[in-house]
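Quick note, in numbering that gives the first Met the number 0, the sequence shown goes up one by one and the last residue is 46. Where a beta carbon is used, it is the ideal one built from N, C-alpha and C, also for glycine.
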Amino acid sequence: MEFYRQTKDIETLRKILGHSYTATTSIYITLANVDIEKAMNVFIPIV
């Protein structure tokens, strides 16, 4: 999802991934963001 983080272009990402619907691509973006948050919480304690 690095492409999306840098460009915020979900339509092009949808085409790259071969998805028929933007909603499908959105699911993957959301999952990637959740994974990032979890990883950050391991290294940065909540203050």
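Tell whether a beta-carbon distance below 8 Å holds between residue i and residue j.
{"i": "His18", "j": "Thr11", "result": "no"}
{"i": "Met0", "j": "Tyr20", "result": "no"}
Taking only beta-carbon atoms, is residue i less than 8 Å away from chain D?
{"i": "Ile26", "result": "No chain D is present in this structure, which holds just one protein chain."}
Whole angstroms is fine: what's the gap from residue i's alpha carbon to residue j's?
{"i": "Asn40", "j": "Lys7", "result": "24 Å"}
{"i": "Ile15", "j": "Ile43", "result": "33 Å"}
{"i": "Lys37", "j": "Arg13", "result": "25 Å"}
{"i": "Ile35", "j": "Arg4", "result": "12 Å"}
Among the residues of its own chain, which have a CB less than 8 Å from the CB of residue i, if the five just before and after it don't count?
{"i": "Ile9", "result": "Tyr3, Thr21, Thr24, Ser25, Ile28"}
Leaving out the 5 sequence neighbours to the left and right, which residues in its chain are closer than 7 Å to residue i when beta-carbon positions are compared?
{"i": "Ala31", "result": "Met0"}
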